[in-house]
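Okay, so here's the structure we're looking at.
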Amino acid sequence: MRTRLQVGRAPAEHTPLDDDVAERIELASDILSGRRVAVLTGAGISTESGIPDYRSPGSPPRTPMTLEMFLSSPEFRRHYWARNHLGWRHMDAALPNAAHRALTDLQSGGAVSTVITQNVDMLHTKAGTRGVLELHGCYGRVRCLTCDWRISRHRLAELLESVNPGFAERVAGRGAIEVAPDADATLSDTSDFVMIDCPHCGGILKPDIVYFGETVPKPLVNESFSAVDEADALLVVGSSLTVMSGLRFARRAHRAGKPLIIVNRGHTRADELATLKIDHRAGVVLPALSAGRKL
4 MRTRLQVGRA PAEHTPLDDD VAERIELASD ILSGRRVAVL TGAGISTESG IPDYRSPGSP
64 PRTPMTLEMF LSSPEFRRHY WARNHLGWRH MDAALPNAAH RALTDLQSGG AVSTVITQNV
124 DMLHTKAGTR GVLELHGCYG RVRCLTCDWR ISRHRLAELL ESVNPGFAER VAGRGAIEVA
184 PDADATLSDT SDFVMIDCPH CGGILKPDIV YFGETVPKPL VNESFSAVDE ADALLVVGSS
244 LTVMSGLRFA RRAHRAGKPL IIVNRGHTRA DELATLKIDH RAGVVLPALS AGRKL
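For reference, each letter of the sequence shown is one residue, going 4 to 298 in my numbering.
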């Protein structure tokens with residue numbers, strides 16, 4: 004099975020917060036009580052950590068990176084890496100918020116069995132969650148597309164600094180920088196940036212991130228399916244489920260007759276499948292679930 008991500012760029016329609024959120028949280032806690040819960044998270048769980056997303060109501064329209072774009076030309080890749088050289092620092096500096104910490108607490112208490120994430124921000128790992136399945140990779144690794152040589156993003160930053168002395172400072176002097184959800188940054192003038200190739204084979208270096216139009220590795224998909232199959236319920240947090248990368252897990256839980264709880268700002272593609280939908284901030288709902296200890 005080879006499922007491709009599909010580009011979903013426009014923000015979701017604005018919806019009001021549920022005014023009965025306390026009752027919905029209590030109902031969610033009752034539904035999930037005594038069950039082993041698999042959790043699927045999307046970008047909406049990280050917005051309160053200062054990382055923007057593509058789909059939340061009010062998000063600006065964005066054009067996400069595609070594999071075709073990245074491979075299109077050396078000039079485009081240089082332009083991309085110049086932006087990433089700035090944007091990844093913002094993501095690296097981000098800290099877990101109350102929702103990430105609540106999931107770690109629920110896992111420590113035995114309620115959460117597995118966390119599957121569509122995010123590349125590593126905030127679940129920073130929060131102490133164990134065994135996170137990163138569907139779309141993470142910003143902290145870079146690999147060669149030819150020989151699969153790997154390097155940490157921190158180490159690559161040092162190498163890029165050595166061939167681009169003062170680049171970040173020069174760009175900072177040009178005005179504010181807008182950061183995108185995939186560790187990219189909005190930057191128009193990158194003509195003075197120098198990119199390096201793989202030092203082992205001269206191949207193309209790419210962040211270990213699954214771009215739009217790229218396939219999620221099949222072994223990781225199967226491991227995630229197994230996590231859903233072995234759990235008694237699925238909790239979706241901060242994902243509109245616009246792309247099949249996440250929607251397939253909601254559909255699988257529903258087909259198996261397992262409770263499906265969705266916590267998200269705005270509509271999702273699986274609202275009609277949900278046992279319960281909570282339209283509210285993850286930073287409010289998850290800490291309340293964790294504090295209630297009914298799971």
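By construction, the Cβ of each residue, glycine as well, lies at the ideal position given by its N, Cα and C atoms.
- If you draw a straight line from the Cα of Arg284 to the Cα of Asn267, it is about 7 Å long.
- Inter-residue distance for Leu250 and Ser165 is about 43 Å (C-alpha atoms, whole angstroms).
- Between the alpha carbons of Arg39 and Ile212 lies a gap of roughly 29 Å.
- Counted as a single uninterrupted DSSP element, the alpha helix (DSSP H) harbouring Gly286 occupies residues 285 to 295.
- By the Cβ neighbour-count rule, Lys221 is exposed, with fewer than 16 other Cβ atoms within 10 Å of its own.
- Under the three-state reduction of DSSP output, Gly113 falls in the coil class, being neither helix nor strand.
- Our two residues, Glu233 and Glu226, have alpha carbons roughly 11 Å apart in a direct line.
- Ser52 sits in a helix when the DSSP states are folded into three classes.
- Residue burial is scored here from C-beta neighbours: Arg133 has fewer than 16 other C-beta atoms within 10 angstroms and is therefore classed as exposed.
- Gly249: not part of any beta strand (DSSP E); member of the alpha helix (DSSP H) spanning 247 to 258, first to last residue.
- By the Cβ criterion, the segment 74 to 87 is not in contact with the segment 98 to 106, since fewer than three pairs of Cβ atoms, one from each stretch, lie closer than 8 Å.
- In this chain, the beta strand (DSSP E) harbouring Lys280 covers 279 to 281.
- Ala114 has its alpha-carbon roughly 24 Å from the corresponding atom of Ser243.
- By the CB criterion at 8 Å, Arg158 and Arg144 fall outside the cutoff.
- In the three-state reduction of the DSSP assignment, Val166 falls in the helix class.
- One Cα belongs to Pro168, the other to Ala31, and the distance between them is close to 53 Å.
- Taking a cut-off of 8 Å on C-beta distances, the segment 81 to 101 touches the segment 192 to 203, as three or more cross pairs fall below it.
- The beta-carbon distance between Gly286 and Asn100, rounded to whole angstroms, is 5 Å. This is short enough to meet the 8 Å contact definition.
- In terms of Cα proximity to Met68, the closest of Ala259, Leu237, Tyr214 is Tyr214.
- Counted as a single uninterrupted DSSP element, the stretch harbouring Leu89 is not any beta strand (DSSP E) but the alpha helix (DSSP H) occupying residues 77 to 96.
- When C-alpha distances from Gly260 are compared across Met247, Ala236, Val24, the shortest belongs to Ala236.
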